[in-house]
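Enquirer: Protein chains in written order, with my numbering: chain Y, 1 to 714; chain X, 1 to 714.
There are 2 protein chains.
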Amino acid sequence: MKNYFSLFIFMFCAMNTFAQEKQLTLEDLIPGGKTHHRFSPKTDYSFRWKGDDLIQYNLDSMWIAEVRNPGKKKLFLTKEELRTLVDNEKANLDQISFTLIDGKYYGRIAASSKLIFINPEMNDISFAFQTEKNDRNISFCPENKTTAFTVDNNLYLRSTTGEVINISRDEKPNIVYGQIVHRNEFGINSGIFWSPKGNFLAFYRMDESMVTDYPLVDISAREAKLKNIKYPMAGNAGHEVTLGIYSMQSGNTVYMKTGEPKDHYLTNVSWDPTEKYIYIAELNREQNHMQLNKYSVETGEKTATLFEEKSDKYVEPQNPLFFLPGNPEQFVWQSRRTGYNHLYLYNTLGTLIKQLSSGNWEVNKVLGFDAESKNVYITSNELNPIEFQSFQINLQSGKKTQLSKAPGVHSPQLSASGKYMTDYYSNRETPKNVDLIDISKGKISRLQTAVNPYSDYTLPEISLGSIKAADKETDIYYRLIKPTHFDSTKKYPTIIYVYGGPHSQMVLNNWPGSVRGWEIYMAQKGYVLFSLDNRGTSNRGLEFESITHRQLGLEETADQMEGVKFLESLPYVDADRIGVHGWSYGGFMTTNLMLRHPDKLKVGVAGGPVIDWKYYEIMYGERYMDSPEENPEGYEKTNMNNLAGNLKGRLLLIHGDEDPIVVWQHSLSFLKTCIKVGTYPDYFVYPGQEHNMVGRDRVHLHEKIARYFDDYLK
Amino acid sequence: MKNYFSLFIFMFCAMNTFAQEKQLTLEDLIPGGKTHHRFSPKTDYSFRWKGDDLIQYNLDSMWIAEVRNPGKKKLFLTKEELRTLVDNEKANLDQISFTLIDGKYYGRIAASSKLIFINPEMNDISFAFQTEKNDRNISFCPENKTTAFTVDNNLYLRSTTGEVINISRDEKPNIVYGQIVHRNEFGINSGIFWSPKGNFLAFYRMDESMVTDYPLVDISAREAKLKNIKYPMAGNAGHEVTLGIYSMQSGNTVYMKTGEPKDHYLTNVSWDPTEKYIYIAELNREQNHMQLNKYSVETGEKTATLFEEKSDKYVEPQNPLFFLPGNPEQFVWQSRRTGYNHLYLYNTLGTLIKQLSSGNWEVNKVLGFDAESKNVYITSNELNPIEFQSFQINLQSGKKTQLSKAPGVHSPQLSASGKYMTDYYSNRETPKNVDLIDISKGKISRLQTAVNPYSDYTLPEISLGSIKAADKETDIYYRLIKPTHFDSTKKYPTIIYVYGGPHSQMVLNNWPGSVRGWEIYMAQKGYVLFSLDNRGTSNRGLEFESITHRQLGLEETADQMEGVKFLESLPYVDADRIGVHGWSYGGFMTTNLMLRHPDKLKVGVAGGPVIDWKYYEIMYGERYMDSPEENPEGYEKTNMNNLAGNLKGRLLLIHGDEDPIVVWQHSLSFLKTCIKVGTYPDYFVYPGQEHNMVGRDRVHLHEKIARYFDDYLK
């Protein structure tokens with residue numbers, strides 16, 4: 001047992017001892033459940049920044065609070081006033097954001113037929129845009145008071161006077177303007193990029209004509225209806241993206257000469273503060289060579305490659321350039337080039353001025369700078385791999401100061417000047433606290449504390465800890481939940497809830513122990529629940545993550561089996577009744593575990609599972625697996641179809657019939673193979689659902705999964 | 001118990017008492033299983049007619065046997081000779097059929113690249129047609145020695161010299177020539193009709209452009225691929241069919257002026273022996289009014305309506321006109337106008353000459369006439385609703401003579417002159433006998449007897465009997481199978497195998513008690529099996545069948561519940577463990593039973609089930625249900641989605657993902673409803689399969705079904 005150490009244990013206490021038999025239902029525990037809203041930790045007030053003004057609000061009213069004395073506050077706007085401002089359209093106070101326009105902060109709110117900007121005093125509308133039902137990706141430019149937006153595949157501008165200009169013009173089929181490209185990979189979450197002074201609009205143009213139509217079918221129509229999507233699969237033709245820049249003055253569009261091969265990836269578009277240049281983190285299709293290229297906005301010519309990053313596995317740029325306020329020649333760049341995500345201060349000639357952070361931990365998020373560009377603010381997991389704290393880093397001295405203190409996962413919001421921070425955080429014991437941090441004074445004051453919404457219930461014991469990975473060296477973290485009303489003399493059936501894929505971290509010191517509602521439900525029913533972040537998951541550095549390269553599922557499964565060994569060592573775990581459940585990558589992992597270790601795992605439920613990586617999309621698929629042509633043996637050994645004959649236990653596969661992420665073909669092809677080799681999985685479909693079951697179906701889904709374990713594992 | 005009487009009981013006897021523990025596997029019992037071929041009753045020789053010559057054959061040789069002394073036979077053709085004749089292409093002796101050409105019978109055989117006619121002496125090829133890979137529906141005309149065939153949607157002629165003529169010419173998309181129309185309903189099994197003397201070719205032309213594309217998806221492709229079909233649903237636009245007649249002499253095509261509304265049904269196309277006229281049994285879309293219309297081949301004008309048939313439920317013409325040999329002015333028509341299928345002798349003026357058969361029983365099949373047109377030969381179930389015997393009916397006197405004698409189900413083949421009949425038959429005790437009937441002498445002689453292929457196994461006791469239907473009057477027939485090694489002191493789980501839809505009869509006195517292999521498998525596992533032909537099924541008359549009109553599933557379910565009552569009365573049936581399984585209409589019935597009687601039926605397996613008749617096709621759907629607009633309340637009360645909330649027991653639904661008959665939408669929409677109302681069916685998919693699972697998948701399917709009952713009913 002010496003390899004296992006328990007980090008901490010937290011027991012939820014029943015506040016009301018008379019209500020011990022009160023059971024949480026899936027309606028309480030699952031998003032989409034009728035009573036689920038009752039169980040998210042709530043504070044009386046929420047906060048956001050309006051410049052350096054601290055805005056406090058609830059659903060009825062909005063106040064300006066004094067930052068240094070938040071108890072003192074001034075009523076700012078009521079819901080009735082807001083309702084009048086939006087002509088009685090539906091709009092709530094919590095939807096107001098604040099935008100700096102002409103040196104002042106305006107309240108921005110999108111009602112059903114318009115986008116409205118309320119003046120700084122919040123008593124009148126300063127200007128408004130009409131919006132149509134099919135407008136999407138509405139992007140407002142404060143500098144020129146124009147919105148850009150898309151309708152279907154086209155990109156338009158709309159002025160406050162209502163004038164509309166079509167930027168995309170040609171409107172060919174399969175050419176998409178102004179939308180997210182490369183399927184949200186590489187940190188891409190927009191296709192519209194206003195220039196800093198509002199003179200230009202940069203936008204993605206995506207040509208999908210070379211990508212095969214992938215047929216999805218809507219069975220809710222009177223006669224089932226085809227819904228084609230463009231889904232480029234690993235190894236097949238990918239879409240071709242370019243970046244156009246529209247000049248507000250000339251009305252002309254210049255395309256950046258990003259050249260060939262055209263199926264490269266144009267990521268992290270960043271404007272130069274001067275508006276003369278634009279930067280693109282360009283990645284080759286193989287995703288092992290990135291160039292940070294600088295283009296002339298006027299000519300579209302590439303004027304410089306600031307620097308390059310290469311890897312024998314993959315380079316994955318995920319953040320744009322963060323220019324220093326008031327210093328148009330310096331920016332902060334995030335890179336994992338040393339193995340962990342850290343900050344680098346560069347100038348626009350591409351000269352590295354300074355590495356700002358280093359160590360065997362990762363910067364999680366850049367929150368911003370102070371107004372004088374003296375400091376950058378971040379969150380990182382330096383103190384503990386399963387926590388995020390906020391830090392200040394001095395750009396000159398490199399001095400790092402911890403700002404948040406309480407253990408847990410912190411989500412701070414920086415004020416405009418960088419003098420203050422609101423800090424939302426939780427940990428295993430704390431449902432939700434909101435603090436105000438006065439950064440220069442290092443003073444933390446409590447703004448709000450949420451009440452434990454589970455106080456009337458007996459909750460299971462949840463503990464977090466770590467074991468050694470299959471390499472016998474690396475610490476990997478787990479969450480362990482004992483059944484409610486645990487009896488140490490009993491042996492319990494045990495379910496591993498797994499995800500295990502890149503860009504994930506399931507075990508975190510947040511509330512309540514980062515547990516999912518379904519796990520509490522199953523603990524109530526008398527199961528032990530266990531989750532483990534195997535190697536291959538996030539926030540532990542590149543080596544930890546990329547050990548899985550070209551062989552997804554193998555090392556991850558080996559680590560999960562260390563988890564099984566740990567479970568077997570626990571006196572209250574019935575080693576003959578260990579099951580596994582996961583969704584998406586977790587469905588893939590569930591299938592791996594069931595088929596690679598059929599004598600250890602008795603029951604599995606694999607949702608939306610990847611079965612064969614050749615059916616997955618290019619961007620994600622080729623990053624981790626290379627293409628099927630480059631890595632045939634890797635695709636073979638990770639293809640669940642090749643292991644279908646190993647199935648011994650009960651395996652339920654579940655899929656949404658309109659899944660556009662892990663297409664239905666995955667699980668259906670697996671059924672086909674099992675039928676061929678004579679094994680007997682079970683199956684279920686959520687018609688009309690996509691990759692994740694949402695709404696009321698999600699409640700049904702979790703009951704369905706629970707019943708499957710009750711049938712075969714209990 | 002007085003309502004129940006047992007017709008007969010038959011016990012399979014173990015021939016080898018030492019082999020009692022030898023178990024039949026699904027590989028033995030299910031078509032598609034590796035050893036299934038071993039268990040079909042086999043005779044040493046088979047027989048077919050070459051005119052009045054009795055041809056005897058096995059896989060090695062073919063003989064001409066003397067009809068009056070079949071032991072005396074002359075070698076005719078060997079497989080080596082055949083192989084030489086077909087240039088070593090694949091061809092077997094049992095594929096040879098005999099065609100009358102120029103007064104002699106030629107052997108016809110289709111090899112992989114050609115259609116060959118072997119001369120009457122069977123020693124040389126007389127003529128041959130090249131065939132291409134995509135040729136379909138090849139139809140040879142002996143009179144002009146030309147084949148008609150289709151490729152994709154088009155219709156062609158090919159002469160022995162290889163010349164090809166395109167008859168369809170326009171080749172528009174969605175216009176289909178020469179193929180089956182109206183989805184095989186109304187007895188339609190061809191789209192090509194050569195005229196008696198070979199001067200004309202009649203063919204269906206089907207315009208499907210107004211029918212919605214229905215999307216099926218092939219997931220076995222590298223990227224899932226769309227496979228649209230045309231599937232007109234009840235109440236929606238149907239395809240429009242016309243009948244063209246191509247003149248071999250002029251090369252012109254004349255379309256029969258069948259007029260409007262164009263979505264009527266052109267059924268049972270029959271040539272007049274003179275070739276001057278063609279008859280079409282035309283049915284309105286409502287299917288309650290049939291006209292037997294006569295058209296001029298030359299002009300396409302309708303020259304007469306011979307007679308009409310109407311019904312307040314439906315008229316269902318299923319057989320063309322049978323013209324009397326040597327009498328071009330008289331034909332036999334089959335009709336259920338009196339409530340049972342009987343024969344009527346008409347002349348071509350539409351005058352009814354005589355009703356040839358009558359009574360509360362049904363003519364099953366018209367076998368043909370004798371050469372002098374004195375007698376017509378039929379099979380019918382006059383003697384017993386679950387048997388078919390052959391009869392001779394004198395056209396003049398109406399005298400009916402029973403030809404076959406042994407109890408059971410007879411499938412006779414008449415010789416050219418009508419003097420002889422080979423009679424293949426089986427009953428519960430007789431795996432397969434082949435008799436020769438010398439009709440004029442009434443002499444029956446045994447040609448072959450098959451050995452019981454199950455002789456090494458202990459088979460369950462199978463009995464057939466009848467109970468009263470829910471109307472307390474009508475006799476309905478059942479099959480009951482006791483578990484192998486039955487112990488009368490035990491209580492057994494029981495499974496109802498159900499179909500229950502029109503055009504079906506499951507309980508027949510054939511071998512082995514009309515039982516399916518899966519039933520034997522389940523009896524071996526210790527289940528009681530039960531099947532019942534409820535009202536609504538075939539061969540019992542129109543009232544028996546059409547009680548279900550506009551309300552499919554209701555009366556059928558009521559009758560099946562009489563079966564449940566009967567089962568509950570049996571001391572060895574465990575009334576708490578009754579399950580049900582069926583496919584297609586039987587899947588619909590299974591779902592009905594599970595949802596309408598959730599306290600009686602514990603476990604169900606519904607394969608390819610109809611769930612909501614509005615998703616079913618026009619022809620079948622509107623015949624029995626009228627359209628959704630005409631019968632909204634009927635569609636509502638038969639829609640399983642409306643009962644989804646009743647589900648209490650375990651219900652497994654199974655579907656082929658390329659089902660073009662009961663489209664996938666049925667079972668998927670049911671899942672969607674169950675999810676919505678919070679019930680929990682189970683599900684399985686056979687990818688790449690259509691309406692019925694075929695090949696090896698069929699074995700897997702039956703094991704899957706068996707395991708489901710083992711999990712939840714045993």
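A virtual CB, placed ideally from N, CA and C, is assigned to each residue, including glycine.
Using a Cβ-Cβ distance under 7 Å, would Y/H700 count as near chain X?
Expert: yes
Enquirer: Per DSSP, what are the beta-bridge partners of X/M421 in this structure?
Expert: According to DSSP, which records beta bridges pairwise, X/M421 is partnered with X/L414 and X/I437.
Enquirer: Can a CB atom of chain X be found closer than 7 Å to the CB of Y/M233?
Expert: yes
Enquirer: Let me check one thing: in DSSP terms, what residues is X/D218 bridge-paired to?
Expert: X/K225
Enquirer: If you follow the alpha helix (DSSP H) that X/P70 is part of, which residue opens it and which one closes it?
Expert: It is not in any alpha helix (DSSP H) - X/P70 instead sits in the beta strand (DSSP E) that spans N69 to T78.
Enquirer: For X/M290, report the span of its alpha helix (DSSP H) as first-last.
Expert: For X/M290, no alpha helix (DSSP H) segment is defined; the enclosing uninterrupted segment is the beta strand (DSSP E) at H289 to S296.
Enquirer: Just how far apart, CA to CA, sit X/Y346 and X/L75?
Expert: 44 Å
Enquirer: Find the residues of chain Y that neighbour X/D697, judging by a C-beta separation of less than 7 Å, and give them in chain order.
Expert: Chain-ordered, the chain Y residues with CB closer than 7 Å to the CB of X/D697 read I675.
Enquirer: Can you pull the chain X neighbours of Y/A644, defined as C-beta to C-beta under 7 Å?
Expert: Chain X residues near Y/A644: none, gap ~12 Å exceeds 7 Å.
Enquirer: Leaving out five residues before and five after Y/T17 in sequence, what residues of the same chain have Cβ atoms less than 8 Å from its Cβ?
Expert: Only weak support exists for where Y/T17 lies, its pLDDT of 43 falling under 50; the coordinates are left without a value.
Enquirer: Pairing CB atoms from the region 600 to 611 of chain X with CB atoms from the region 516 to 536 of chain X, are three or more of them under 8 Å?
Expert: no
Enquirer: Relative to the C-alpha of Y/N144, which candidate in Y/N184, Y/W194, Y/Q179 and Y/I175 has its C-alpha closest?
Expert: Y/W194
Enquirer: According to DSSP, which residues form a beta bridge with X/H655?
Expert: X/V685
Enquirer: Applying the 10 Å Cβ sphere with the 16-neighbour rule, what's the burial state of Y/K133?
Expert: exposed
Enquirer: So, is Y/V164 buried or exposed, given that buried needs 16 or more other C-beta atoms within 10 angstroms?
Expert: exposed
Enquirer: Taking contact to mean at least 3 C-beta pairs separated by less than 8 Å, is the region 212 to 221 of chain Y in contact with the region 648 to 663 of chain Y?
Expert: yes
Enquirer: So for Y/S6, helix, strand or coil by DSSP?
Expert: Residue placement at Y/S6 cannot be trusted, given a pLDDT of 46 that sits under 50; the coordinates are not used to answer.
Enquirer: In the structure shown, what three-state DSSP assignment does Y/K676 receive?
Expert: helix
Enquirer: Applying the criterion that 16 or more other CB atoms from any shown protein chain within 10 Å of the CB defines a buried residue, is X/H37 buried or exposed?
Expert: exposed
Enquirer: Is the region 527 to 538 of chain Y touching the region 469 to 484 of chain Y, taking contact as three or more C-beta pairs under 8 Å?
Expert: Yes, since at least three Cβ pairs between the region 527 to 538 of chain Y and the region 469 to 484 of chain Y fall closer than 8 Å, the two stretches touch.
Enquirer: Using 8 Å for Cβ pairs, my map puts X/Y57 next to X/S46. What's the rounded Cβ distance?
Expert: 6 Å
Enquirer: Strictly under 7 Å for the Cβ-Cβ distance: is X/V685 near chain Y by that measure?
Expert: X/V685 counts as touching chain Y.
Enquirer: Please list, in chain order, all residues of the same chain as X/S112 whose beta carbon is under 7 Å from its beta carbon, the five residues on each side excluded.
Expert: Short of 7 Å from the beta carbon of X/S112, and not among the five residues preceding or following it, lie these beta carbons of its own chain, in chain order: E89 and K90.
Enquirer: What is the residue span of the beta strand (DSSP E) that Y/P493 lies within?
Expert: Y492 to V498
Enquirer: So, does the CB of X/K648 fall closer than 7 Å to a CB anywhere in chain Y?
Expert: no
Enquirer: Roughly how far, in whole angstroms, is the beta-carbon of Y/Y255 from the beta-carbon of Y/G300, given that I think they are within contact range, below 8 Å?
Expert: 6 Å
Enquirer: When we look at the beta-carbon of X/S667 and count the other beta-carbons within 10 Å, is it buried (16 or more) or exposed?
Expert: buried
Enquirer: What residues match up with Y/F129 in a beta bridge as DSSP calls it?
Expert: Y/L115
Enquirer: My output table needs one value for Y/R596: the three-state DSSP class, helix, strand or coil.
Expert: helix
Enquirer: Quick check: X/I192 and X/S139, are their CB atoms within less than 7 Å of each other?
Expert: yes
Enquirer: Using beta-carbon positions only, say whether Y/T591 and Y/A644 come within less than 7 Å of one another.
Expert: no
Enquirer: Could you give the DSSP three-state label for Y/S669: helix, strand or coil?
Expert: helix
Enquirer: In chain order, what residues of the region 610 to 637 of chain Y put their CB closer than 9 Å to some CB of chain X?
Expert: K614 and Y615
Enquirer: Mind checking Y/K172: buried by the 16 CB within 10 Å criterion, or exposed?
Expert: The residue in question, Y/K172, is exposed, as its Cβ has fewer than 16 Cβ neighbours within 10 Å.
Enquirer: At what residues does the alpha helix (DSSP H) containing Y/R707 begin and finish?
Expert: That run of the alpha helix (DSSP H) goes R696 to Y712.
Enquirer: Are the beta-carbon atoms belonging to X/T43 and X/A406 less than 7 Å from one another?
Expert: no
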